[in-house]
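One structure below.
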Amino acid sequence: MEFYERIKEALIALTNLSHSSLQQHLLGALWETLRSYHTIPMTAGEEATFLYLGHASTVHWHGDYNQWGHQKGISTAGRRLGKSDVWILEKVFPIDARLDYKIVLNESEWLLDPANPYRCKSGFGHSSELRMPRYHYPLSSLRRPHTPRGTMSETFRLQSRYLGYAVGLNVYVPFGYERLSHLPTLYVTDGHEYADDDMGALCTTLDNLIAERRIKPVMAVFIDPRNPDNPNENRRLEQYPANPKFLKFVTREVVPFIDALFRSDARAEARGFLGTSFGGLCAAFFGAKASDTFHFIGIQSPSFWKYPAIFELYEKQPCLPLQIYMSSGTINDTALRARQMRDILLRKGYKFLYRETNESHSWGTWRGGLEEMLLYFFGTPASPSTLSRVPEHDTNYKLSALPPLTHIHYTLGHREKVTIELYDLHGRNIDQLLCKFQRRGEHTVELPKLEPGLYFYRLHIGSLCKTQLFRIA
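This is how it looks when you write it as structure tokens:
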């Protein structure tokens, strides 16, 4: 924890400097380095240090780890360092956790972390994202410029006799569709969100895995729960919790429509159904009630609490011809009831894959599980997924990429007085390398031998001053 601990100590020391101008410049240089190396919040091992720089009376960090402020007994209040505008909160999380959060100023103003570039989008907007050292971002969900892209259809509007209203859906077909036939098809609830590259990123994930030949070419049918005439009206709470009318709509209206219009494989063994939260409950319900239509059942963070009878459906029926992927986060998510269903599936002899991650009820969680699910359902003998083993979000690892400095270079436009001073991380002056007038042109000053670590230099040229954090290897 070399850099991590030293920077925390440095923040405390710098915020207590009596020289306000020096404090401002050294803190600014340190902050800019942390920000530019994407290391706010700082992390090391299971420790996370949230930081905020700005004027406030109080600062809190609320997130899914404390149910956005509703879970009592979890401290989220930051403390001010010295007399500065730097605020800090230290927390402990699993080493591979990924969590959503926002900063709350003065008990009322919610904002994204301005120093953290990582974001996660939900139906309620964006949040900032904490990535612990051993969390690995799903690279298959990132759009690649040279990967052939599938095609998303126009919105089809189906008037349902079972639901009594119209439903919109869009169909993704893989690249090269015109040369393909008998395509497996994945039917998706919350289709507008699974298809969004900032949320589920399912189309992008399909494009990448198909291009890498790690899965077969697959179609996807994105069923939109919103009223096509009024997108602000979302009907998911009506459609998804074990609704037999929605089941009939999908199996008797949507599936025949797709099979008649597209080059899909019409066998149940080639169809899947996917959902998250209430959609995860819906997927489990479809598995129990429509195994003659869907073989692959994808269940993410299922809201089984809404329909507890789902357990009895699986417990009392014979083992159905299903292949199930089920996942949940462990932090304020649905793991307790998901484990209950996992145990039933195990007892009944189902073919299934169950996964828990140290995350919460978030699109960041669900997006991260799609690659594994798609490989489980539609995988080819090609190479399996491989994850980076480096602690890519660890502060020590990130700052080790800071290039070591051996010389200071600068250019003068005319004769000027130049002063170069060195400071340690606590703001103590350790050397003055230069203090004299120099002629116009390029200049280089060699740094003295110093112990490995982080330091500051302050370069004064006339009335101008540059302060820079640097590393000695």
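Start counting the sequence shown at 20; every next residue gets the next number (my numbering).
Backbone N, C-alpha and C define an ideal beta-carbon position, used for all residues, glycine too.
Q | Proximal residues to L53 (C-beta, below 6 Å), its chain only, five neighbours per side dropped | A | Excluding positions up to five away in sequence, the list reads I59.
Q: Closer than 8 Å by C-beta to R271: which residues in its own chain qualify, once you throw out the five before and the five after it? Chain order, please.
A: Spatial neighbours of R271 in its own chain (CB-CB distance under 8 Å, excluding positions within 5 residues in sequence) are listed in chain order as Y181.
Q | Where F371 sits in the DSSP three-state scheme | A | In the structure shown, F371 adopts extended strand secondary structure according to DSSP, grouped into three states.
Q) Between which two residues does the alpha helix (DSSP H) containing M392 stretch? A) Per DSSP, the unbroken alpha helix (DSSP H) holding M392 starts and ends at 382-397.
Q: For the beta strand (DSSP E) holding C454, just list the boundary residues, first then last.
A: First-last of the beta strand (DSSP E) with C454: 448-457.
Q: Tell me whether the beta-carbon of G187 lies closer than 8 Å to the beta-carbon of D243.
A: Yes, the Cβ-Cβ distance between G187 and D243 is below 8 Å.
Q) By the 10 Å Cβ neighbour count, where 16 or more other Cβ atoms means buried, how is V111 classified, buried or exposed? A) Sixteen is the threshold: since fewer than 16 other Cβ atoms of the shown chains lie within 10 Å of the Cβ of V111, the residue is exposed.
Q.
Quick check on the DSSP output: what are the complete beta strand (DSSP E) runs of length 3 or more inside the segment 43-95, in order along the chain?
A. With a minimum length of 3 residues, the continuous beta strand (DSSP E) runs that stay inside the segment 43-95 are 61-63, 66-72, 78-82.
Q.
Let me check understanding here. Comparing Cα to Cα, which of N448, Y137, T62 lies closest to L493?
A. Past the boundaries of the shown model lies residue 493; the chain is included only from 20 to 492, so the question cannot be answered.
Q. In whole angstroms, what separates the C-alpha of W324 from that of F330?
A. The straight-line gap from Cα to Cα measures roughly 10 Å.
Q: Write down every uninterrupted run of the alpha helix (DSSP H) in the segment 210-246 whose length is 4 residues or greater and which is fully enclosed by it, in chain order.
A: Taking only runs of at least 4 residues, the alpha helix (DSSP H) segments lying wholly in the segment 210-246 are 210-213, 221-230.
**Q.** As assigned by DSSP and simplified to three states, the class of K121
**A.** K121 carries a strand assignment under DSSP once its states are collapsed to helix, strand and coil.
Q. What are the residues that DSSP puts in a beta bridge with V437?
A. DSSP lists K455, I480 as partners of V437.
**Q.** Where S76 falls, given that 16 or more other Cβ within 10 Å makes a residue buried
**A.** So S76 counts as exposed.
(Q) I believe Y476 touches F456 by the beta-carbon criterion, under 8 Å. Please report the beta-carbon distance rounded to the nearest angstrom. (A) The Cβ separation is near 19 Å, so there is no contact.
Q. Do the segment 434-445 and the segment 456-473 touch if we need at least three Cβ pairs shorter than 8 Å?
A. The segment 434-445 makes contact with the segment 456-473, as at least three CB pairs between them are under 8 Å.
Q: Give me the Cα-Cα distance between L202 and G142, rounded to the nearest whole angstrom.
A: If you draw a straight line from the Cα of L202 to the Cα of G142, it comes to about 31 Å.
**Q.** Among E378, L452, R99, T430, the one whose alpha carbon lies nearest that of R150
**A.** Closest by alpha carbon: E378.
(Q) Checking the sheet assignment: what are the DSSP bridge partners for N249? (A) DSSP lists N246 as the bridge partner or partners of N249.
Q: Measure the CB-CB distance between T204 and I316 and report whether it falls below 8 Å.
A: Not a contact, by the Cβ cut-off of 8 Å.
(Q) I need the DSSP call for Y333, collapsed to helix, strand or coil. (A) Of the three classes helix, strand and coil, the one that applies to Y333 here is helix, per DSSP.
**Q.** For M360: DSSP bridge partner residues
**A.** In the DSSP output, where bridge partners are listed per residue, M360 has none listed.
Q. In this structure, does DSSP put K308 in helix, strand or coil?
A. DSSP, reduced to helix, strand and coil, places K308 within a helical segment of the structure shown.
Q: Report back the beta-carbon spacing between M238 and F281 to the nearest angstrom; my notes put them in contact at under 8 Å.
A: Correct: roughly 6 Å between the Cβ atoms.
Q. Looking only at DSSP bridge pairs, what is H426 linked to?
A. According to DSSP, H426 bridges with E465.
Q | Span of the alpha helix (DSSP H), counted from its first residue to its last, around W295 | A | Reading off the sequence, residue 295 comes out as Thr, not Trp. Counting along the chain, T295 falls outside any alpha helix (DSSP H), though it belongs to the beta strand (DSSP E) covering 290-295.
Q) Does the count of Cβ pairs from the segment 368-386 and the segment 345-352 closer than 8 Å reach three? A) Yes, they touch.
Q.
Quick check: the segment 299-313 against the segment 259-268, are at least 3 beta-carbon pairs closer than 8 Å?
A. Taking a cut-off of 8 Å on C-beta distances, the segment 259-268 touches the segment 299-313, as three or more cross pairs fall below it.
Q: Kindly indicate the opening and closing residues of the beta strand (DSSP E) around R138.
A: In this chain, the beta strand (DSSP E) harbouring R138 covers 138-141.
Q.
Considering only the alpha carbon of each residue, which of H426, Q336, L431 lies closest to L441?
A. The candidate whose alpha carbon is nearest that of L441 is H426.
**Q.** Counted within 10 angstroms of its Cβ, other Cβ atoms place E28 as buried (16 or more) or exposed
**A.** With fewer than 16 other Cβ atoms within 10 Å, it is exposed.
Q) How long is the line joining the alpha carbons of T384 and R117, rounded to whole angstroms? A) In this model, T384 and R117 are separated by some 8 Å (Cα to Cα).
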